[in-house]
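A short write-up of the structure that comes next.
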Amino acid sequence: MFQYKVTFYLMFISLYAYADCSKVKKSFPSADGIPECSTTLRSSPKFRLQEQYDIIVLGAGAAGSIISAKLASNLSNMSILLVEAGVETGNNDNDNITNPALWLYVVHNDTLEWRFQTVPQTALNNRVIDLGFAKGTGGGAMHNAMGYVRGGQKWMDAWELDEGATNWNSETLTPYFDAVEDILKVVYPANDTQGLVDAIFEASRTAGFPYNPSYNHGPDMLGIANFVMSINDADKTTKQRERDPHYTRVTSYQKYLENHISHNLQLVTGLQAIGFNFSDGEVPVVDHVELYSERHQCKFSIAAKKDLILSMGAINTPKLLQLSGIGNATHLQSLGIKVVKDLPGVGMNLRDDVVVNLVFKTTAVEIDSPPASFLSAVLFAVDNSTAQSVSYRNGTGSLTNIEMLFSTGNMIGNSWPIEWQNSIVLSPNIQQCKSRGTVMIESLDPLAFPTIDPAYLTVDADFDRVLNSILLGRELLSQPSFFKWNIQEVLPGPDYTTRDELIEWIRTHATTGFHYIGTCKMGTDKLSVVDPLNMKVWGIDGLRIIDASVAPASFSANTQSLTYAVAARAVDLILAEYNNKK
Numbered sequence: 000m001f002q003y004k005v006t007f008y009l010m011f012i013s014l015y016a017y018a019d020c021s022k023v024k025k026s027f028p029s030a031d032g033i034p035e036c037s038t039t040l041r042s043s044p045k046f047r048l049q050e051q052y053d054i055i056v057l058g059a060g061a062a063g064s065i066i067s068a069k070l071a072s073n074l075s076n077m078s079i080l081l082v083e084a085g086v087e088t089g090n091n092d093n094d095n096i097t098n099p100a101l102w103l104y105v106v107h108n109d110t111l112e113w114r115f116q117t118v119p120q121t122a123l124n125n126r127v128i129d130l131g132f133a134k135g136t137g138g139g140a141m142h143n144a145m146g147y148v149r150g151g152q153k154w155m156d157a158w159e160l161d162e163g164a165t166n167w168n169s170e171t172l173t174p175y176f177d178a179v180e181d182i183l184k185v186v187y188p189a190n191d192t193q194g195l196v197d198a199i200f201e202a203s204r205t206a207g208f209p210y211n212p213s214y215n216h217g218p219d220m221l222g223i224a225n226f227v228m229s230i231n232d233a234d235k236t237t238k239q240r241e242r243d244p245h246y247t248r249v250t251s252y253q254k255y256l257e258n259h260i261s262h263n264l265q266l267v268t269g270l271q272a273i274g275f276n277f278s279d280g281e282v283p284v285v286d287h288v289e290l291y292s293e294r295h296q297c298k299f300s301i302a303a304k305k306d307l308i309l310s311m312g313a314i315n316t317p318k319l320l321q322l323s324g325i326g327n328a329t330h331l332q333s334l335g336i337k338v339v340k341d342l343p344g345v346g347m348n349l350r351d352d353v354v355v356n357l358v359f360k361t362t363a364v365e366i367d368s369p370p371a372s373f374l375s376a377v378l379f380a381v382d383n384s385t386a387q388s389v390s391y392r393n394g395t396g397s398l399t400n401i402e403m404l405f406s407t408g409n410m411i412g413n414s415w416p417i418e419w420q421n422s423i424v425l426s427p428n429i430q431q432c433k434s435r436g437t438v439m440i441e442s443l444d445p446l447a448f449p450t451i452d453p454a455y456l457t458v459d460a461d462f463d464r465v466l467n468s469i470l471l472g473r474e475l476l477s478q479p480s481f482f483k484w485n486i487q488e489v490l491p492g493p494d495y496t497t498r499d500e501l502i503e504w505i506r507t508h509a510t511t512g513f514h515y516i517g518t519c520k521m522g523t524d525k526l527s528v529v530d531p532l533n534m535k536v537w538g539i540d541g542l543r544i545i546d547a548s549v550a551p552a553s554f555s556a557n558t559q560s561l562t563y564a565v566a567a568r569a570v571d572l573i574l575a576e577y578n579n580k581k
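Note that numbering that gives the first Met the number 0 gives residue 26 to position 27 of the sequence shown, counting from 1, and the numbers run on in steps of one.
Below you can see the structure in the form of structure tokens.
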């Protein structure tokens, strides 16, 4: 990717150097070709699986952990099974996960990753982009960069007003953000590095940005602030404190489930959902789900008496729906799949943020590696302009669409050339992208990865926003507070000055923001998949979706906080429905 042929492991650059992500998976023509597991294996200590459960939750990630824990504690007379395809990551026994400074060792860990890739991206010089997608308890919160951003109130209200998500707005969602944060106890990391954070704050102020210390709680995001992260210093073991006195990562799995599993809740790992079937009737009702054990090369069939809840994320959730006959009827029929429900929005509307990394080295100051993924500074800007007329600061009441993150070139796990190590890195995360992509299965093989096409930067306005973020980064680092740092631009580099030159640089360097949403959108239009009143898939009984795939186009932030709040509120909707049936 770079002329130095180095691996650029900073957040949002995913060059994992694996030629074939699917070669380890055994291929089957369809789920029907996979043998049933023996009753002996079903009852073994590893699984202890019953024939049926009242509720089955697929995915023990950010959403699934909250859903299963809250349902189990409130429905003590019901049996609940939580299924995770990956490994159990708890008990604070993996420093690479718990230590925020070591997060780069997790994002390219084959055991903790699905290893998804995009199709060649036409607007990015046909590059294939590696997509970080967690596989293990905790989900994305277990291996992300720990940014915790709500996104402001406007996107929440737009979810209801613009997309028909009845009763999903800032008034109904804010209490759930508050409740989750009270349990996670997210913090601002105190990690200034030789005055670097102070210089960033002063440069932002000089450039005209306001100080906005309450960006997670006020109506507007615009401005410079300390970066809230899903870390704290209260959950470390004595052994961990001896090794590292700083912070530890926190996830919903740790705080809601680990060491708190109710008597009526069972967690099983190492099983991948490969399909579900339906009982006969005028309205399809989910009957059984099929779970595949890669280790044993067989499947279990388990009944969900009341509800099957999909919490597998914006890639795996639409894949499972399509394999089971829910999706675009024409596409499913072309694969020989019996159509259970024609919902053309399944797998459509994929949206991801786009990121580039701007590198500025300094020869005047020796920069220490920060004790977390990013420095304790974040700048939210509004680009309501064209590339010829940039205005980032006139956005009061608007959705921010540039999230500028700050880090250093000597982050632990980074393998840059030595001359780049002592550097300041600006990572503009481009939000509110207009480009939309798809997640579609292309075969009956339930173990094959879906075809993922985010269609990055296929809308010209998205290119302009990336370009403007580069100009903004240059403006910040040229402020007087950085004069003493002797700043020299490395990426893109001083030779990139014209629009055409910068556009070509973007084509070769832009990558994923790891914020996949929208593939099973919640709302009432013809492309909606989920009913906002109860989280049920439209036209199907006993099937709900609660994860980032239901998120709206208006969303403008990191997906972790959204997923937590949606999960917490969705559980209350389910509980209210159950109570009304008593």
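By construction, the Cβ of each residue, glycine as well, lies at the ideal position given by its N, Cα and C atoms.
So the candidates are the options; which of them puts its Cα closest to the Cα of residue i?
i: residue 441; options: 40, 163 and 335; result: 335
i: residue 511; options: 572, 549, 350 and 33; result: 350
i: residue 141; options: 416, 64, 460 and 79; result: 64
i: residue 480; options: 81, 200 and 175; result: 200
i: residue 153; options: 288, 317 and 219; result: 219
i: residue 131; options: 515, 536 and 122; result: 515
i: residue 203; options: 134, 376 and 343; result: 376
i: residue 533; options: 231, 573 and 182; result: 573
i: residue 583; options: 284, 506, 518 and 431; result: In the structure as shown, the chain begins at 0 and stops at 581. Residue 583 is therefore absent and cannot be evaluated.
i: residue 459; options: 110, 122 and 71; result: 122
i: residue 474; options: 378, 61, 226 and 214; result: 378
i: residue 553; options: 443, 299 and 155; result: 155
i: residue 78; options: 499, 265, 409 and 178; result: 265
i: residue 114; options: 345, 447 and 246; result: 447
i: residue 99; options: 501, 429, 402 and 227; result: 227
Output the distance between the C-alpha atoms of residue i and residue j, rounded to the nearest integer angstrom.
i: residue 89; j: residue 566; result: 20 angstroms
i: residue 469; j: residue 427; result: 8 angstroms
i: residue 271; j: residue 253; result: 22 angstroms
i: residue 125; j: residue 352; result: 18 angstroms
i: residue 229; j: residue 289; result: 34 angstroms
i: residue 44; j: residue 315; result: 28 angstroms
i: residue 564; j: residue 556; result: 13 angstroms
i: residue 548; j: residue 151; result: 20 angstroms
i: residue 217; j: residue 149; result: 10 angstroms
i: residue 560; j: residue 36; result: 38 angstroms
i: residue 405; j: residue 492; result: 18 angstroms
i: residue 550; j: residue 482; result: 43 angstroms
i: residue 111; j: residue 231; result: 22 angstroms
i: residue 504; j: residue 464; result: 14 angstroms
i: residue 486; j: residue 364; result: 10 angstroms
i: residue 261; j: residue 407; result: 43 angstroms
i: residue 517; j: residue 143; result: 19 angstroms
Verify whether the separation of the beta carbon atoms of residue i and residue j is less than 8 angstroms.
i: residue 162; j: residue 436; result: no
i: residue 478; j: residue 224; result: no
i: residue 303; j: residue 545; result: no
i: residue 96; j: residue 248; result: yes
i: residue 286; j: residue 543; result: no
i: residue 268; j: residue 105; result: no
i: residue 274; j: residue 30; result: yes
i: residue 456; j: residue 380; result: no
i: residue 159; j: residue 168; result: yes
i: residue 263; j: residue 422; result: no
i: residue 348; j: residue 535; result: no
i: residue 326; j: residue 342; result: yes
i: residue 453; j: residue 117; result: yes
i: residue 594; j: residue 489; result: This structure gives no information on residue 594, because the portion of the chain shown stretches from 0 to 581.
i: residue 345; j: residue 419; result: no
Going by other Cβ atoms of all chains shown within 10 Å of its Cβ, with 16 needed for buried, is residue i buried or exposed?
i: residue 467; result: buried
i: residue 107; result: buried
i: residue 137; result: buried
i: residue 476; result: buried
i: residue 26; result: With a pLDDT of 41 at residue 26, under the threshold of 50, the predicted position of this residue should be treated as unreliable, though the coordinate-derived value follows. By the 10 Å Cβ count, residue 26 comes out exposed.
i: residue 578; result: exposed
i: residue 362; result: exposed
i: residue 417; result: exposed
i: residue 147; result: buried
i: residue 580; result: exposed
i: residue 340; result: buried
i: residue 62; result: buried
i: residue 298; result: buried
Please name the residue or residues paired with residue i in a DSSP beta bridge.
i: residue 297; result: 292
i: residue 325; result: 340
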